[in-house]
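J.: Residue numbers (the numbering used here): 689 to 865.
Sharing a structure below in structure tokens format, with a few things to ask.
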């Protein structure tokens, strides 16, 4: 079940495309949304652009003064696991390849920010209703990670379900002599 490189064009084009789009949009946000923390309405109160720096992880999770380095190490570990999953992906399994590419790209995009600046990851997409019902501010890398993780969970669940059906069919066959 080893990947024979037929998945490589999809996997690498997703990674390169998402990482480049993430870098460019973050650079634009840092340039155009100064000063930080001042919302700019795009679609009323529903969609705003607000520059913030997240020194922690998703949803503002922080682990003290060493958050930057802890999350850097966790990201590198996650990328290693994702690379192993990619290497075991069947050549024709484009949904799993796409999912892994999205998660890797998002992780790389945010990792670049963590390594580049002690301020943290650049976030700027601000969605919600009014001032009180708002989601955490996020970026394109976060969208890629979330979308890829959802797709990967769905794909892996489908694989597990298919393996369970195959195993039950094998065990229900009568012994033949």
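For every residue, glycine included, the Cβ atom is placed at its ideal position computed from N, Cα and C.
Per DSSP, residue 695 is paired with what?
T.: Per DSSP, none; premise fails for residue 695.
J.: Pair every Cβ in the stretch 709–728 with every Cβ in the stretch 779–792, then say whether three or more of these pairs are closer than 8 angstroms.
T.: Short answer: they don't touch.
J.: Work out the CA separation of residue 845 and residue 778 for me, nearest whole Å.
T.: 16 angstroms
J.: From 822, 830 and 760, pick the residue whose C-alpha is nearest to that of residue 802; which is it?
T.: 760
J.: Would you kindly work out how many angstroms separate the C-alpha atoms of residue 754 and residue 795, rounded to a whole number?
T.: Note on geometry: alpha-carbon atoms of residue 754 and residue 795 lie some 18 angstroms from one another.
J.: Any idea if residue 804 is buried or exposed, counting beta-carbon neighbours within 10 angstroms, 16 or more meaning buried?
T.: exposed
J.: Assuming the contact rule is C-beta atoms closer than 8 angstroms, residue 724 and residue 739 should be a hit. Round their C-beta distance to whole Å, please.
T.: Between residue 724 and residue 739 a beta carbon distance of about 4 angstroms is seen, short of the 8 angstroms cut, so the two are scored as contacting.
J.: Tell me whether residue 798 sits in a helix, a strand or coil according to DSSP, three-state version.
T.: helix
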